[in-house]
């Protein structure tokens, strides 16, 4: 494909030779003369200058003298679109494996693909084009929307609902019982967990992530939200649309999170909280209190991100401060005694 | 069911109309006139006042004028019992799927249910009423006590023992090798892990949780202990009875934990420690030293919870303190010079 | 086996009776007169003195008067070798289960073992002696080197490469999509993840651990590296040889880690970093900046380990320091006023 055509398809423009032939996408270090590389992080500028790439995808205003550039207003989006050109998604052929087992009353849309050793419980409902990977288990009354892809070895407990165009990776478990017990002198008495997990459209869920069913209400993952691997969403949590939860982050029971929230890696939030739209929780931080809209917090307990940074900087000076205060005390005592 | 009958079954008493018909349980926000809601957390009092619920379950002494109340001495327990009335547990019918594979010498109790694509190794022993979910794999010589439910896609490595009335959720792995290596100049030489995992009665284990087999001794999960999802219990750990480990918490090798310990979410403990009965480790905290009975700790490293709170409060004032000390130094110098 | 023979096999020497018969290995507390116990951690010295063990494995210079000792220069290695004597690894018999499903063009080495309900995609290549556990799923074009053992319920996504003599535990997922999205006003647009996961020789990967495929470049786990359970390695990470990552630790995208690095439990590193050979990240710590060779860091953000310790010690004195500064201010004001 010529660079000019690629630029048109990804919503960018060429600065340089539009007739250059591009056959793929690679990193700055790995790309050769027929590949497109990309520079979106200033940290890698030197690699861009050294790169053997045939062309480089950049954001507006980036200068790289002597290089053929593909400039796009949203370079990450253009990268995604360029990769889609060269790596169209491979879906398995439609059809139900003779080694899959389907319960009574299962209903399948057009073009569904069900792999070997998948198990569908009674009354499972799959929309058009749904892909069910090998060994995936769908409990009774599960519903999955059209074009959703379930990787191998996913488990959806009974009653779980997944929207359209979702992608659930291997090992993810949706709908296991929430962690709810009535503790008495005799021990912990299980509280039946009778809510469901409801995943809206366009959600992606990472490998080995767990989302528990609600105790009474449903646990809800809002439209367009993306969860990374090994994430935990506890019973009754409601995540707003277009959120991001990076790997190993978790949210405790009944917490409600607004739209476009971001949890960085290994972050957490306690239960029964309300977090506003657009909150950002820094990596390794833990939220123990409600947060207003667009709060950007860090630390344990999480506090305003800038304040946290100042405190951490001050903490580094604390051992020295102890000595300074001791010196002050000595000087003052000396002064008083003299 | 009439409210009076329900109250009798859950060990409570009616304050209001005992003849009101109750057909289910719901949250304060969702409940309608034929449903029981519950108020156990003062944070939700306003929701209780607004609720359309037919009756509200409360603890002793809670007043909600004009409402029919079901008062119970242990309201969470009463909630659990009420939910059991309306949602009796659905167990699959007994029988062994023709698509399951059983090794030589397997012995099955009465009323066992084994789903499709389950694999039982040689000499596996299942007690009466055990449920084995689809795709679950039990290694050679595994023993599972009566009435225990293994969800789909559980793995019990060879030799693992699980007690009676346990519940193990999807994706949990018990008995994988502990993380033990002899490090030499050439690299890390694996130390064979020849202990087992032993899970006592009435234990619940969450989705995708991992419990490693002991290096030499067994890893033991005490009677009645409940583990949430994505929890890690390392080789040789001994957890006492009636403990709680919330999601994404973990305990490193050979640590011994007393009875009724609580690990909140994302908490951890280092290896080779002894933690007393009733310890509580706050969310996101990390225990690096032995703890006495009933210690309630927080922080990294974890320290007494109140002290940690004081330190965190003081930390917020540290940037200002630095300025105050600078001012003191200036005043003192000025005073000395004058 | 006589103690003298055992000593010869594990590279040690006897201090005491070489003719004592040893039939197994056990902990100090559990060992009887025909078992070898070991003392490698001074914390357990009292247990060694009380132990009924027939002989005790120790490092050079350890004295235990009146006991038969097996002294080895590297006692952990000797322990590993002794355990191998008494617990030789049991591999399943070779052969392909009639209940496994193999895609077109699969090639199998000599002595391969494939268990029931395993699924191998097209063109999968298994070296000699590879073991594939029950329910394990290998995508198209996966390659696995000789003598590698895949436990039950492992998933290797298409194109994943695993070296020789590796061990991958149950529930591990290699090659799921990295967490890469182009965020626009409309939401998060998926960036196709077209790199692979490449695992070099002699690697061990714990239960339910996840390693994502690279966005463009491969994610690489270096030779001899060992990952514990529930570990996360994000897209494009390159881990050097002979590293260790303990349970629930994680590394974000594109970070490069040198040889012999250690991540303790629940530790993490941010993305796009470069960490030198031999770095050690303490438990529960988070690395947010590049690290030089052999850096030993702790804290959030992680800093030099000794400095972190001093700061934490100082933090414990901070509430008292606040009072001392208040007192100083009062004294100074009083002094100035008088």
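Chains as they are written, first to last, in this note's numbering: chain A, 18 to 355; chain B, 18 to 355; chain C, 18 to 355. We treat Cβ as the ideally placed atom computed from N, Cα and C, and that holds for glycine.
Quiz item: Between the Cα of residue 133/A and the Cα atoms of 284/C, 235/C and 120/C, which residue gives the shortest distance?
Solution: On the first chain, residue 133/A is found 116 positions in, with the first residue counted as 1. Of 284/C, 235/C and 120/C, the residue nearest in Cα terms is 120/C.
Quiz item: So, do the stretch 43 to 51 of chain C and the stretch 331 to 338 of chain B have three or more beta carbon pairs nearer to each other than 8 Å?
Solution: no
Exercise. Check the C-beta distance from residue 248/C over to residue 170/A and give it rounded, since I have them as a contact under 8 Å.
Key: Here residue 248/C refers to the residue found at position 231 of the third chain. Here residue 170/A refers to the residue found at position 153 of the first chain. Incorrect: roughly 18 Å between the Cβ atoms, too far for contact.
Exercise. List the residues that DSSP assigns as beta-bridge partners of residue 68/C.
Key: Here the question's residue 68/C lines up with position 51 in the third chain. According to DSSP, residue 68/C bridges with nothing at all.
Practice problem: With DSSP as the reference, label residue 206/A as helix, strand or coil. | Solution: Translated into positions along the first chain, residue 206/A becomes position 189. Note: residue 206/A maps to strand in three-state DSSP.
Exercise. Taking a Cβ distance cut-off of 7 Å, strictly less, list which residues of the stretch 20 to 53 of chain A are near chain C, in chain order.
Key: 42, 43, 44 and 47
Quiz item: Using a beta-carbon distance cut-off of less than 7 Å, what residues from the stretch 159 to 174 of chain C approach chain A?
Solution: 170 and 172
Quiz item: Would you say residue 278/B faces chain C, with C-beta separation under 8 Å as the test?
Solution: Indexing the second chain from 1 puts residue 278/B at position 261. Answer no: the Cβ-Cβ gap between residue 278/B and chain C never drops below 8 Å.
Self-check item: Cβ neighbours of residue 322/C in the same chain (closer than 7 Å, five flanking residues each side left out)
Solution: Stepping through the third chain from its first residue, residue 322/C is reached at position 305. 299, 313, 314 and 315.
Quiz item: So, do the stretch 198 to 216 of chain A and the stretch 79 to 94 of chain B have three or more beta carbon pairs nearer to each other than 8 Å?
Solution: yes
Quiz item: Quick one: what does DSSP say residue 95/C is sitting in, helix, strand or coil?
Solution: For this step, residue 95/C is matched to residue 78 along the third chain. It is helical.
Practice problem: Can you say whether residue 34/A is buried or exposed, counting buried as having 16 or more other CB atoms within 10 angstroms of its CB? | Solution: Your numbering for residue 34/A matches position 17 in the first chain. Result: exposed.
Quiz prompt | Under 8 Å by beta carbon: chain A residues contacting residue 318/C | solution = The count along the third chain starts at 1 and reaches residue 318/C at position 301. Those within 8 Å of residue 318/C in chain A are 329.
Practice problem: Quick one: using the 10 Å Cβ neighbour count with 16 as the cut-off for buried, is residue 83/B buried or exposed? | Solution: Walking along the second chain from the start, residue 83/B turns up at place 66. Under this definition residue 83/B is an exposed residue.
Self-check item: Whole-Å CB distance - residue 193/B paired with residue 168/B, under 8 Å assumed
Solution: Your numbering for residue 193/B matches position 176 in the second chain. Your numbering for residue 168/B matches position 151 in the second chain. Incorrect: roughly 17 Å between the Cβ atoms, too far for contact.
Practice problem: Using a Cβ-Cβ cut-off of 8 Å, state whether residue 88/B counts as contacting chain A. | Solution: Along the second chain, one-based indexing puts residue 88/B at 71. It does not; no Cβ of chain A falls within 8 Å.
Exercise. Please report how far the alpha carbon of residue 69/B lies from the alpha carbon of residue 20/B, in whole angstroms.
Key: Position 52 of the second chain holds residue 69/B. Position 3 of the second chain holds residue 20/B. Rounded to the nearest angstrom, the two C-alpha atoms are 16 Å apart.
Quiz item: If you measure beta-carbon to beta-carbon, which residues of the stretch 279 to 312 of chain C are closer than 8 Å to chain A?
Solution: 283, 285, 287, 289, 303 and 305
Self-check item: C-alpha gap between residue 122/A and residue 139/A, whole angstroms
Solution: As a position in the first chain, residue 122/A is number 105, starting the count at 1. As a position in the first chain, residue 139/A is number 122, starting the count at 1. Rounded to the nearest angstrom, the two C-alpha atoms are 6 Å apart.
Quiz item: So the alpha helix (DSSP H) residue 27/C belongs to, where does it begin and stop?
Solution: To locate residue 27/C, count along the third chain from 1; it is residue 10. From DSSP, the alpha helix (DSSP H) with residue 27/C extends over 20 to 27.
Quiz item: Is the shortest distance between the beta-carbon of residue 207/C and the beta-carbons of chain B less than 8 Å?
Solution: Taking the third chain and counting its residues from 1, one reaches residue 207/C at position 190. Not an interface residue.
Quiz item: In the DSSP assignment, what residue or residues form a beta bridge with residue 32/C?
Solution: Stepping through the third chain from its first residue, residue 32/C is reached at position 15. In DSSP, residue 32/C forms a bridge with 86/C.
Self-check item: Beta-ladder partner(s) of residue 243/C, from DSSP
Solution: Reading the third chain from its first residue, position 226 is the one you call residue 243/C. Residue 243/C pairs with 221/C and 261/C.
Quiz item: Is it true that the CB of residue 182/B sits closer than 8 Å to the CB of residue 160/B?
Solution: The residue given as residue 160/B occupies position 143 in the second chain. The residue given as residue 182/B occupies position 165 in the second chain. In this structure, residue 182/B does not lie closer than 8 Å to residue 160/B by Cβ.
Quiz item: Where does the unbroken beta strand (DSSP E) through residue 214/C begin, and where does it stop?
Solution: Counting from one through the third chain, the residue named residue 214/C turns up at place 197. 214 to 216 is the extent of the beta strand (DSSP E) around residue 214/C.
Quiz item: From which residue to which residue does the beta strand (DSSP E) around residue 237/A run?
Solution: Numbered from its first residue, the first chain carries residue 237/A at position 220. Where residue 237/A is concerned, the enclosing beta strand (DSSP E) stretches over 236 to 238.
Exercise. Establish whether the CB of residue 104/C and some CB of chain B are separated by less than 8 Å.
Key: The residue labelled residue 104/C in the question sits at position 87 within the third chain. Yes - at least one Cβ of chain B is within 8 Å of the one on residue 104/C.
Practice problem: List the residues of chain B that residue 341/A touches, going by C-beta distances under 8 Å, in chain order. | Solution: As a working mapping, residue 341/A is identified with position 324 in the first chain. Here the neighbours are 342 and 346.
Self-check item: Through-space distance from residue 71/B to residue 226/C, alpha-carbon basis
Solution: Residue mapping note: residue 226/C aligns to position 209 of the third chain, counting from 1. Residue mapping note: residue 71/B aligns to position 54 of the second chain, counting from 1. So the two alpha carbons sit approximately 47 Å from each other.
Exercise. Could you work out which residues of chain C lie near residue 188/B, taking near to mean beta carbons separated by less than 8 Å?
Key: Taking the second chain and counting its residues from 1, one reaches residue 188/B at position 171. The contacting residues are 188 and 225.
Exercise. Name, in chain order, the residues that DSSP records as bridge partners for residue 321/B.
Key: Along the second chain, read from residue 1 onward, the residue named residue 321/B stands at position 304. Looking at the DSSP assignment, residue 321/B forms a beta bridge with 314/B.
Exercise. Check the Cβ of residue 116/C against every Cβ in chain B and list those closer than 7 Å, keeping chain order.
Key: For the purposes of this step, residue 116/C is taken as residue 99 along the third chain, with counting starting at 1. The answer, in chain order, is 118.
Quiz item: Run through DSSP, which three-state label would residue 352/B get?
Solution: Taking the second chain and counting its residues from 1, one reaches residue 352/B at position 335. Looking at residue 352/B - three-state DSSP - the assignment turns out to be helix.
Quiz item: Given residue 103/A, which residues of its chain have a CB within under 7 Å of its CB, disregarding the five upstream and five downstream residues?
Solution: In the first chain, the residue the question calls residue 103/A occupies position 86. Taken in chain order, the residues that qualify are 41 and 42.
Quiz item: Does the Cβ-Cβ distance between residue 235/C and residue 215/C come in under 8 Å?
Solution: Walking along the third chain from the start, residue 235/C turns up at place 218. Walking along the third chain from the start, residue 215/C turns up at place 198. Yes. Within cutoff.
Self-check item: Chain-order list of residues whose beta-carbon lies under 6 Å from that of residue 2/C (same chain, five-residue window excluded)
Solution: The question about residue 2/C has no answer here: the residues shown for chain C are numbered 18 through 355.
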